[in-house]
Every structure is written in C-alpha cells, then in structure tokens.
Ligand code: DHB
Ligand code: FE
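In our numbering, the protein residues as written are 10 to 294.
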C-alpha cells in the first residue's frame, strides 16, 4: 500500500524563485536564506519519494475571480509553469500522478470533502518555488507531483480546523491506494506577511515561532485557531499558513501513531516582504 513518509513545510516567496533563476543566491541578501535550505536539499536527495502531494495556493494565475475553488486537486498528466507576467519560470514542467490523484479524489470526496477536479492547469510560484528550494535546479523534477490548490486569496477561506481534517482524509486516501508508493505531503505558503494596505510589511516573529512550535507538538490545538487570528497576527497573506495544517493532519501521530521526528527547522526574516519558515517532519510509522 502507499504510505506518507514525511511532510515538508515551506514559504513560497516569488522573489526566491527569481533569485534562483537569475543566479543571485550567493548575494549577501539571499545567502542566509539559501543556506537554511542546504540540509533540505541533501535530505530530499537522500529521501526522494515516489510522489509529492503538494498543497499550495494559486495566486489568481490558473484561477481568477471567475471561478474560485476552495480545494482543487490536479489530476492531469502534467502541469506547465505559469506565466505570472514576466514569462514562465525556466523550471521543468511538473509531471503529475493521475492514478493516485484520481484515487485521492474518489476517497476524499466520499469522505465528505468537496474537491474540484482539475484536468488542465498551470502552476505558479506557490508550487514551483517550494520545488526549487527543496530540489535545486534539476533538468527534471525528481518525482511526480500532485498539485493541490487551496483558496487563501479570496474570502471566504477554509478554516485551519477543516484543513487539518482534510489532511486526515488525505492520509486515509493515500493508505488505501493499492501500490507500494512512498508519498511526501508538503504544506506551503506563509509565514507572516502582508502585501497590501496600511499594514503592508507586517512580520510577527513571536507568532511565527509559536506557530512552528505548535505545528510540531500541538497540531490539533493549533487547528482551532480562527482565521481572524492569522490575519490579525500574521497579516492578510499569513492566512496561507492554514495550508500547513493539511500536511500536518496527514501525519501518523494524528491517527494515533508515534510523534514525528523533526529533521530540520529553519526561520529567516526577510525574504522580500515575507518571514520564511521551514520544517521537515518524518513519520515514524
Ligand atoms: C510575496 C509573498 C507571497 O506569498 C506571494 O504570494 C507574493 C509575494 C512577497 O513576500 O513579496
Ligand atoms: Fe503567496
């Protein structure tokens, strides 16, 4: 059967993608950030899964205000990097896993979560920047990826509680797939940042660090935090962090298993307008 081996959490700041693509990672501004991901790239190379289930948000790139799915699962065979206004990032296309994606859609929808099934979609920085941070600049991404887009851009957004429950349903779905696949689940976006209005530039280090602590040790409690607290404490774009609860909900301990091992933890300010947070949690099955 398939199983979830680990979860990865990381910010997805578009300027990080530009720094990589324009060969600026060695510059003084960026160096401390990329240094924090060196252990992650090594870990990723040593622990390449068969599939990544990548929870991210689309930034009005593939979707627009015309159609706003709360949860959308990418079931296509491949996904092209999106043109976000400066041309598509020069990164490999994303190869999907239609069989596992269709199975997860079947299982999770029958478990009462209303997913939108997407058979054609381009993927923006929300998905490609985490891949670049974890995998570097390969000719092809190291494994298939199932994109899972969450609406955190246009209100109403899903609650952390629902995201956490959805993660549990995704875990159940993966574990009922009749092939021996190792699957990682990634939660992306965050941490504190606000790109608009009078509070633009907001960063809240204490809140971010407490979020990381609770994500590790008290995810069920963290899942009760209402969306208004994210917006107040972590800024209007800090709400992206609810996506991390989907990945966390899919870990074994939430289903009664042993606590995960914290393989890597990193926090850095600033990257563009954003506080960058990163965690790697390994399942102890
Ligand atoms: C920035 C961060 C984001 O999450 C995003 O989607 C766009 C921009 C930023 O920090 O500039
Ligand atoms: Fe974003």
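For glycine and all other residues, C-beta sits at the position ideal for the given N, C-alpha and C.
Within 8 angstroms: the Cβ of residue 66 and any heavy atom of ligand 3?
Looking for ligand 3 in the displayed structure turns up nothing; the ligands present are ligand 1 and ligand 2.
For a quick check, are the C-beta atoms of residue 252 and residue 172 less than 9 angstroms apart?
By one-based count along the chain shown, residue 252 stands at place 243. By one-based count along the chain shown, residue 172 stands at place 163. Residue 252 is a Cβ neighbour of residue 172, given a cutoff of 9 angstroms.
Tell me whether residue 137 sits in a helix, a strand or coil according to DSSP, three-state version.
On the chain shown, residue 137 is found 128 positions in, with the first residue counted as 1. Of the three classes helix, strand and coil, the one that applies to residue 137 here is helix, per DSSP.
So, is residue 231 buried or exposed, given that buried needs 16 or more other C-beta atoms within 10 angstroms?
Within the chain shown, residue 231 is the residue found at index 222, counting from 1. Under this definition residue 231 is a buried residue.
Can you tell me which residues form a DSSP beta bridge with residue 82?
Your numbering for residue 82 matches position 73 in the chain shown. DSSP output for residue 82 lists 126, 157 as bridge partner(s).
Going by Cα to Cα distance, which pick from 79, 12, 145 is closest to residue 164?
Position 155 of the chain shown, counting from 1, holds the residue named residue 164. When C-alpha distances from residue 164 are compared across 79, 12, 145, the shortest belongs to 79.
State the DSSP-derived secondary structure class of residue 92, mapped to helix, strand or coil.
Indexing the chain shown from 1 puts residue 92 at position 83. Strand at residue 92.
First through last residue of the alpha helix (DSSP H) which encompasses residue 48:
Here residue 48 refers to the residue found at position 39 of the chain shown. Note, residue 48: alpha helix (DSSP H), 47 to 55.
Please confirm if the segment 264 to 273 is in contact with the segment 205 to 221, defined as three or more CB-CB distances below 8 angstroms between the two stretches.
No, the segment 264 to 273 does not touch the segment 205 to 221.
Rounded C-alpha distance that separates residue 112 from residue 264:
As a position in the chain shown, residue 112 is number 103, starting the count at 1. As a position in the chain shown, residue 264 is number 255, starting the count at 1. The straight-line gap from Cα to Cα measures roughly 20 angstroms.
Check each candidate in 178, 121, 188, 63 and name the one with the smallest Cα separation from residue 296.
Within the shown structure, residues of the chain are numbered from 10 to 294, placing residue 296 beyond reach of any answer.
Residue(s) in a DSSP beta bridge with residue 287:
As a first step, residue 287 is located in the chain shown; it is residue number 278 there, counting from the start. In the DSSP output, where bridge partners are listed per residue, residue 287 has 19, 275.
Buried or exposed: which applies to residue 246, given that a residue is buried once 16 or more other Cβ atoms fall within 10 Å of its Cβ?
Working through the chain shown from its first residue, we reach residue 246 at position 237. Sixteen is the threshold: when 16 or more other Cβ atoms of the shown chains lie within 10 Å of the Cβ of residue 246, as they do, the residue is buried.
Tell me which residue opens and which closes the beta strand (DSSP E) that residue 196 is part of.
Here residue 196 corresponds to residue number 187 of the chain shown, with the count starting at 1. 191 to 197 is the span of the beta strand (DSSP E), which, as asked, contains residue 196.
Which partner residues of residue 12 appear in the DSSP bridge assignment?
Your numbering for residue 12 matches position 3 in the chain shown. Looking at the DSSP assignment, residue 12 forms a beta bridge with 191.
Are there 16 or more other CB atoms within 10 angstroms of the CB of residue 190, so buried, or fewer, so exposed?
Within the chain shown, residue 190 is the residue found at index 181, counting from 1. So residue 190 ends up on the buried side.
Distance between residue 280 and residue 72 (C-alpha atoms, nearest Å)
Translated into the one-based positions of the chain shown, residue 72 becomes position 63. Translated into the one-based positions of the chain shown, residue 280 becomes position 271. It is roughly 26 angstroms from the alpha-carbon of residue 72 to the alpha-carbon of residue 280.
Specify the secondary structure class of residue 225 as computed by DSSP and reduced to three states.
As a position in the chain shown, residue 225 is number 216, starting the count at 1. Shown here, residue 225 sits in a helix according to DSSP, grouped into three states.
For the 8 angstroms Cβ check, are there 3 or more pairs between the segment 10 to 20 and the segment 179 to 188?
Under the 8 angstroms Cβ criterion, the segment 10 to 20 counts as touching the segment 179 to 188, having at least three qualifying pairs.
Could you tell me if the beta carbon of residue 135 falls within a distance shorter than 8 angstroms of some heavy atom in ligand 2?
Residue numbering aside, residue 135 sits at position 126 when the chain shown is read from its first letter. Checking the 8 angstroms criterion, the Cβ of residue 135 is within range of a heavy atom belonging to ligand 2.
Which residues in the same chain have their Cβ closer than 6 angstroms to the Cβ of residue 106, if we skip the five residues on either side of it in sequence?
Here residue 106 refers to the residue found at position 97 of the chain shown. Taken in chain order, the residues that qualify are 60, 153, 155.
Mind checking which residues open and close the beta strand (DSSP E) that includes residue 179?
Position 170 of the chain shown, counting from 1, holds the residue named residue 179. First-last for residue 179: 169 to 184, but that is the alpha helix (DSSP H), not the beta strand (DSSP E).
Expressed to the nearest angstrom, what Euclidean distance is found between the alpha-carbon atoms of residue 159 and residue 139?
Here residue 159 is taken as the residue at index 150 of the chain shown, counted from 1. Here residue 139 is taken as the residue at index 130 of the chain shown, counted from 1. Cα to Cα, the separation comes out at about 15 angstroms.
Is it right to say residue 249 is buried, meaning 16 or more other beta carbons lie within 10 angstroms of its own, or is it exposed?
Within the chain shown, the letter at position 240 stands for residue 249. Buried: at least 16 other Cβ atoms inside 10 Å.
What span of residues does the alpha helix (DSSP H) with residue 162 cover, start to end?
The residue labelled residue 162 in the question sits at position 153 within the chain shown. Residue 162: not part of any alpha helix (DSSP H); DSSP gives it neither H nor E.
Presumed contact (8 angstroms Cβ cut-off) between residue 254 and residue 198, rounded CB distance:
As a working note, residue 254 is residue 245 in the chain shown. As a working note, residue 198 is residue 189 in the chain shown. Their Cβ separation, rounded to whole angstroms, is 11 angstroms, which puts residue 254 and residue 198 out of contact at 8 angstroms.
Please find out if some non-hydrogen atom of ligand 1 comes closer than 8 angstroms to the beta-carbon of residue 198.
In the chain shown, residue 198 corresponds to position 189, counting from 1. Answer for residue 198: yes, Cβ within range of ligand 1.
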